[in-house]
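Enquirer: Counting from -16, one number per residue, gives the positions in the sequence shown under our numbering. Please read through the structure below; I'll follow up with questions.
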Amino acid sequence: MADTAVTKTDVVLIGAGIMSATLGALLRLVEPDWSITVIERLDAAAAESSDPWNNAGTGHSALCELNYTPEKADGSIDITKAVTVNEQFQVSRQFWAHGVENGVLTDVRSFLNPVPHVSFVQGADRVEYLRKRRDALAANPLFATTEFTNDHDEFARRLPLMAAGRDFTEPVGLNWTTEGTDIDFGSLTKQLINFAVRNGTSVLFGNEVTNLSRNSGGWSVKVRNRRTGDKQTIDTRFVFVGAGGEALPLLQKSGIPEAKGYGGFPVGGQFLRASNPAVTSRHQAKVYGFPPLGAPPMSAPHLDTRIINGKPWLMFGPFAGWTPKFLKHGKFTDLPASVKPNNVGSMLGVGLTQLDLTTYLIRQLALSDSERVDALRDFAPTAQDADWSLVHAGQRVQVIKPAEQGLGGTLEFGTAVLAAADGSLAGLLGASPGASTAVPAMLDVMARCFADRYQGWVPKLTEMIPSLGTKLSAEPALFDEVWSWTQRALALESTAVVPAADGDGL
């Protein structure tokens, strides 16, 4: 069908996940008169990576993820990455707290619940590592409540499901903090989008972007209705590509030089999940271990409490799956279609240097259901096959970054924001910590892409995020003030999960 008349809008946000929802809410708050249009290829918000079953919901604040605190050659613990990630998460917490107090977010308990974050290790060497990790972290105000224990009785009191049937002849250790949270990013995304729509934002569900091209005022966005086939063109001054795995192909279509050389490698996730109250009531924590030897950081096994639609679940994983799709609801041609003359060197370079990852994926794909439950028994020795079922989580496209000099590339396991030099287009690539740091990531987009306006927004943004521009780890008094406020605003104070004294639960 022929294109309909061209429409105009100030901002186009591609994808109705947590990134676009966050940016849309922030822009609506600082520029209430701007016209904003969200384009989503599926029929609902948060139906891909932001859906609660498509991510771990950890609220990545570096409290328990061991890959953020590596041991250096001299035996000391490097907490640099942990501090950086936690600083970012504190920014997100402040924006959410402001949103709850000002009607942006209408149901805090549907998306945020207090759940202890725990690091778990086995073996004398790793227990000693965990002791040193606690000492290194606890010296920083952001991690001051981190505990260490290697006491078997305390282990059993706090984690009864993991203690049942365990042979404690092998040393075990825990780092523990009650300051962790479980986050339903699907509910959070929908609330942010609902706020934006109530205040004038338009959302086009069931529509996909087929092309991006420059025009005299910014960008022409070609859109096709997936149900009717109708097409339209939307002219806009600014485009944000927050489309998860689809971000790379769209950035390639835009032709911005900043995206040249970048590639992507898709990795699927699978989890075991349980809802039997006899199981879920005996484990109320998010417990992270070390990744298997040769496995990527994102593969660190964890046994998680999840609260979804008010119901407690347990999830264990991740187990890797593989498909060339860039989205869970994507196409099998996604990966081959993403290979371009300007990134083939980067992708081949990674392919030749990531043999461990290839071996890991092959082994994961060969696992049977019973072998997955066997892996779970490292955490919960008495786990029964009948209590657990397999759920296929979302697709993640890991960033392949071009080498700074010469050919080749590197596989990145974080997130990256790519922006056109003139600030008219930006997109986010990558995965973890992703959603947990959506607010600082989108503030970065705003600062880079609206440089002429950003300083004028700072007073309003500081009302929402009092620590804006400040490292809380260097300002303990400000951190205490901000933490107390967010705890109250997010209703986390009175509902904190506290270990039970009788060993029957937490």
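No residue lacks a Cβ here, since even glycine has one placed at the ideal position from N, Cα and C.
#1: Give the straight-line distance between the Cα atoms of residue 402 and residue 46, rounded to the nearest whole angstrom.
#2: Taking three-plus beta-carbon pairs below 8 Å as touching, is the stretch 52 to 71 in contact with the stretch 114 to 128?
#3: In three-state terms, what does DSSP make of residue -9?
#4: What does DSSP give as the partner residue(s) for residue 490 in the beta ladder?
#5: Does the stretch 231 to 251 come within contact of the stretch 404 to 411, defined as at least 3 CB pairs closer than 8 Å?
#6: To which residues does DSSP link residue 20 through a beta bridge?
#7: Helix, strand or coil for residue 343, going by three-state DSSP, please let me know.
#8: Look at the alpha carbon of residue 481 and the alpha carbon of residue 161, and state the distance between them as a whole number of angstroms.
#9: Rounded to whole angstroms, how far is the Cβ of residue 75 from the Cβ of residue 419, which I believe are closer than 8 Å?
#10: Which word fits residue 348, buried or exposed, when buried means at least 16 other C-beta atoms lie within 10 angstroms of its C-beta?
#11: Going by alpha carbons, who is nearest to residue 96 out of 203, 294, -2?
#12: Roughly how many angstroms separate the alpha carbons of residue 217 and residue 195, rounded to a whole number?
#13: Looking at the structure shown, is residue 287 part of a helix, part of a strand, or coil, going by DSSP?
#14: Exposed or buried, residue 167, counting other C-beta atoms within 10 Å across all chains shown (16 or more means buried)?
#15: Return the residue from the list 256, 369, 107 that minimises the CA-CA distance to residue 38.
#16: Starting from residue 158, follow its DSSP beta bridges and name the residues at the other end.
#17: Closer than 7 Å by C-beta to residue 469: which residues in its own chain qualify, once you throw out the five before and the five after it? Chain order, please.
#18: In the DSSP assignment, find the beta strand (DSSP E) that holds residue 206 and state where it starts and stops.
#19: Using CA atoms only, rank isn't needed, just tell me which of 193, 222, 180 is closest to residue 200.
#20: Using the C-alpha atoms, what's the distance from residue 84 back to residue 474?
#21: Applying the criterion that 16 or more other CB atoms from any shown protein chain within 10 Å of the CB defines a buried residue, is residue 442 buried or exposed?
#22: Using only alpha-carbon positions, find the residue among -11, 93, 204, 311 that is nearest to residue 174.
#23: In or out: residue 405 buried (at least 16 other Cβ within 10 Å) or exposed?
#24: Using CA atoms only, rank isn't needed, just tell me which of 207, 176, 436 is closest to residue 184.
#25: Please list the segments of the alpha helix (DSSP H) lying wholly inside the stretch 49 to 113, counting only runs of 4 or more residues, in order along the chain.
#26: Note down the Cα distance separating residue 154 from residue 251, rounded to an integer number of angstroms.
#27: Should residue 484 be labelled buried (16 or more other beta-carbon atoms within 10 Å of its own) or exposed?
#28: Can you tell me the Cα-Cα spacing of residue 345 and residue 434, whole angstroms?
#29: Under a three-way DSSP split, which group does residue 294 fall into?
#30: Pick helix, strand or coil for residue 121, following the three-state DSSP scheme.
#31: Hey, residue 539 and residue 269: beta-carbon distance below 8 Å or not?
#32: Got a sec, what are the start and stop residues for the beta strand (DSSP E) residue 260 sits in?
#33: Closest to residue 439 by CA distance: which of 10, 307, -3 is it?
#34: Do the stretch 48 to 61 and the stretch 315 to 335 touch if we need at least three Cβ pairs shorter than 8 Å?
#35: If you drop the 5 nearest sequence neighbours on each side, which residues of the same chain put their C-beta closer than 6 Å to that of residue 298?
#36: Please determine whether the Cβ atom of residue 348 lies at a distance below 7 Å from any heavy atom of the ligand PLP.
Expert: So, from the listed chains and residues:
#1: CA-to-CA, the gap between residue 402 and residue 46 works out to about 30 Å.
#2: Touching, yes, given that three or more Cβ pairs across the two stretches are closer than 8 Å.
#3: Here residue -9 sits in strand by DSSP.
#4: Missing from the structure shown is residue 490; the chain here goes from -16 to 489 and no further.
#5: Taking one beta carbon from each stretch, the stretch 231 to 251 and the stretch 404 to 411 have 3 or more pairs nearer than 8 Å; the two touch.
#6: -5, 185.
#7: It is helical.
#8: Bear in mind that the predicted position of residue 481 carries a pLDDT of just 36, short of 50, making it unreliable; the figure below should be weighed with that in mind. When rounded, the separation of the alpha-carbon atoms in residue 481 and residue 161 is 7 Å.
#9: Indeed they touch by this definition, with Cβ atoms about 6 Å apart.
#10: Burial call: exposed.
#11: When only C-alpha atoms are compared, the closest one is 294.
#12: Answer to the nearest angstrom: the Cα atoms are 10 Å apart.
#13: DSSP places residue 287 in strand when its eight states are reduced to three.
#14: Classification of residue 167: buried, given that the 10 Å Cβ count is 16 or more.
#15: Residue 38 has its Cα closest to that of 256, out of 256, 369, 107.
#16: For residue 158, which the question treats as bridged, DSSP gives the partners 102, 131.
#17: Excluding residues up to 5 positions away in sequence, 76, 77, 80 lie with their Cβ nearer than 7 Å to the Cβ of residue 469 in the same chain.
#18: Here the beta strand (DSSP E) through residue 206 covers 201 to 208.
#19: Selected option, being the one with the closest Cα: 222.
#20: Those two C-alpha atoms are separated by around 11 Å.
#21: Flag for residue 442 reads exposed.
#22: When C-alpha distances from residue 174 are compared across -11, 93, 204, 311, the shortest belongs to 93.
#23: Exposed, because fewer than 16 other Cβ atoms sit within 10 Å of the Cβ of residue 405.
#24: Nearest to residue 184 by alpha-carbon distance, out of 207, 176, 436, is 176.
#25: Listed in chain order, the complete alpha helix (DSSP H) runs (minimum 4 residues) inside the stretch 49 to 113 are 63 to 84.
#26: Across the structure, residue 154 and residue 251 are spaced so that their CA atoms are roughly 33 Å apart.
#27: Confidence is the limiting factor: at residue 484 the pLDDT is only 32, short of 50, which leaves the residue's position unreliable, though a coordinate-based value still follows. Exposed.
#28: Each residue's alpha carbon lies about 46 Å from the other.
#29: Strand.
#30: The three-state reading of DSSP puts residue 121 in helix, counting H, G and I together.
#31: Residue numbering for the chain in the displayed model covers -16 to 489; residue 539 lies beyond these limits and cannot be assessed.
#32: Secondary structure note for residue 260: it is in no beta strand (DSSP E), and the uninterrupted alpha helix (DSSP H) holding it is 260 to 263.
#33: Ranking 10, 307, -3 by Cα distance to residue 439 puts 10 first.
#34: Inter-segment contact for the stretch 48 to 61 and the stretch 315 to 335 is absent: fewer than three beta-carbon pairs are separated by less than 8 Å.
#35: Same-chain partners within the cutoff: 254, 256, 287, 289.
#36: The ligand PLP is not among the ligands present in this structure, which contains no ligands whatsoever.
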